[in-house]
Amino acid sequence: MKTTMTFFVLLFFPLLIDAKSKRATLHIPLVHNGAHFYDNKVVFPPVSSPHSHRGLAFMAEVHFGSPQKRQLLHMDTGSSLTWTQCFPCSHCYEQKIYPKYRPAASMTYRDAMCSEDPNPKSNPHLTFDPLTRKCTYQQHYLDESNIKGTLAQEMLTVDTLDGGFKRVHGVFFGCNEFSDGSDFTGTGILGLGVGKYSIIGEFGSTFSFCLGLISEPKASHNLILGDGANIQGHPTVINITGGHTMFLLKSIIVGEEITLDDPIQVFVDTGSSMSHLSTDLYYKFVDEFDDLIGRPLSYEPRLCYKADAIERLEDMDIGFAFAGGAELSVNIHNIFLPQGSSGIRCLGILNNKESFTHVIIGVIAMQGYNVGYDLKAKTAYFSKQYCDMEM
């Protein structure tokens, strides 16, 4: 029996090792809340944000716990912690999409242990509460919003693009008990940063997202986590620091490339609707549009023109070019967004007026692109394409 068992182990051990090393791949369809940009856009499921001025957000429907409870999480490459609002969450923003998550009703919920991290800047601030014996967190966002709650682990179930579903056990998430600030959409955040508690770590070192045009009602959008991520296109090196991925911006694009005197490290952040630029960089765009279109209705806080001044322009690309030749560029008619029924279009790029020092490329500038990340190789790939996928 020992000989037989030894032979069996030797024969199948490589297969067992290989099976253990393989990770699941999640193909997640995304929806967005772009209805207020384009009147003919209908989004399902219905999306409600706490403030009507909230910008474009791409969201994944994820099921928490057992029994499953639906959550609609805002995809955010600018932060690492995935979180949802937990009942009763008395000091939280109004939530009308789905009921608040009740951890006590889930058979798979458990409180997480606090552990030291060699890079604490990449995570929310963690504290062990001796009274509740729980690991609590506090996280501040760049827009001055902040959240507090209990660090926990839970089973997540996702409906996949092929009509099936996949379950992932023991995923770290924030059970949010406090939120302060204005700009949250959906029921929480799907953190795609590279900090210790990011969901990315459950699927290895690759992921990708593909975003269609918000002006096209039938456009599809998707997020892929794991080995099946769509890693193709023009490469650019990324700098991973403090739980964030930084990109080296070399040029802006207004029909043609305009090279910057000095390259700039920037965030490519799906959690931000608009792009936020330093004053000098913002006015490089403004100067080009002054020459191209003429004097606008306003320079600040948004660069705005009468809609017909934009609509009569020929197609041209507006955007950003990075080290290695990768770029994010959107047709001028898709980056100047309608402002309700007022006959005005405004640029999806803002002057941050030194309110913070970072330069952020927002999701409006990513329309029509697949962005793939290979974190192990410290490389990202940009490909302009449709997002329809054959499964």
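In the numbering used here, the protein residues as written are 85 to 475. C-beta: ideal position from N, C-alpha, C; glycine also.
Alpha-carbon to alpha-carbon, glycine 403 and lysine 468: Counting only the Cα atoms, glycine 403 lies some 13 Å from lysine 468.
message: Can you give me the C-alpha to C-alpha distance between alanine 405 and glycine 275, rounded to a whole angstrom?
response: Looking at the backbone, the Cα of alanine 405 and that of glycine 275 are separated by about 25 Å.
- prompt: Does the ligand ADP have even one heavy atom less than 7 Å from the beta-carbon of methionine 330?
  reply: In the structure on display, the ligand ADP does not appear, and there are no ligands present to speak of.
message: Looking only at its chain, what residues have a beta carbon closer than 6 Å to the beta carbon of threonine 329, apart from the 5 residues adjacent to it on each side?
response: For threonine 329, the CB contacts under 6 Å within the same chain, skipping 5 residues up- and downstream, are Ile322 in chain order.
field: Stretch pair the segment 433 to 452 + the segment 269 to 285: three plus CB contacts closer than 8 Å
entry: The segment 433 to 452, when compared against the segment 269 to 285, does not touch it at the 8 Å Cβ threshold.
- request: Verify the CB distance criterion: does isoleucine 377 have a CB-CB separation below 8 Å to chain D?
  value: Absent from the structure: chain D. Only one protein chain is present.
message: Suppose contacts are defined by Cβ-Cβ distances below 8 Å. Is alanine 196 in contact with leucine 235 by that definition?
response: Yes, the pair counts as a contact, with Cβ atoms nearer than the cut-off.
- request: Could you tell me how far apart the beta carbons of phenylalanine 262 and histidine 158 are, in whole angstroms, since I believe they sit closer than 8 Å?
  value: Histidine 158 and phenylalanine 262 do not touch by the CB rule: their CB atoms are close to 18 Å apart, not below 8 Å.
query: Thinking just about the alpha-carbon of each residue, which of Arg194, Val350, Gly270 and Pro214 is nearest to the one in glutamate 238?
result: Checking every option, the nearest Cα to that of glutamate 238 belongs to Arg194.
query: Do you know offhand how far aspartate 399's Cα is from glycine 452's?
result: Aspartate 399 and glycine 452: Cα-Cα distance of roughly 15 Å.
- prompt: Can you name the residues that DSSP bridges to methionine 330?
  reply: Partner(s): Asn323 and Phe351.
Spatially closest choice to tyrosine 182 from Leu110, Asp213, Asp160 and Gln152, by CA coordinates: Closest by alpha carbon: Gln152.
- prompt: Should the segment 370 to 383 be regarded as contacting the segment 459 to 468, the criterion being three or more beta carbon pairs within less than 8 Å?
  reply: Touching, no.
Cβ-based neighbour list, serine 356, same chain, cut-off 7 Å, excluding 5 preceding and 5 following: Annotation for serine 356: Gly162, Ile444, Gly446 and Val447 place their beta carbon closer than 7 Å to its own, counting only its chain and skipping 5 residues before and after.
- request: Could you tell me the boundaries of the beta strand (DSSP E) in which asparagine 306 lies?
  value: From DSSP, the beta strand (DSSP E) with asparagine 306 extends over 306 to 309.
- prompt: In whole angstroms, what separates the C-alpha of serine 199 from that of tyrosine 221?
  reply: Between serine 199 and tyrosine 221, the C-alpha separation is close to 12 Å.
field: Reference glutamate 411, options His147, Ile337 and Lys232, closest by Cα
entry: Among His147, Ile337 and Lys232, the Cα nearest to that of glutamate 411 belongs to Ile337.
query: Pick from His417, Leu295 and Phe148: whose alpha carbon is nearest that of alanine 141?
result: Minimum Cα-Cα distance from alanine 141 among the listed residues His417, Leu295 and Phe148 corresponds to Leu295.
message: Just to confirm, is the Cβ distance from glycine 317 to threonine 290 under 8 Å?
response: Threonine 290 sits away from glycine 317, with the two beta carbons spaced by 8 Å or more.
query: How would you label tyrosine 470, buried or exposed, when you count the other beta carbons within 10 angstroms and need 16 or more for buried?
result: By the 10 Å Cβ count, tyrosine 470 comes out exposed.
- prompt: Taking just the CA atoms, how far does glycine 339 sit from threonine 166?
  reply: For the pair threonine 166 and glycine 339, the Cα-to-Cα distance works out to about 38 Å.
- prompt: Helix, strand or coil for isoleucine 416 per DSSP?
  reply: In the structure shown, isoleucine 416 sits in a helix (DSSP, three-state: H, G or I).
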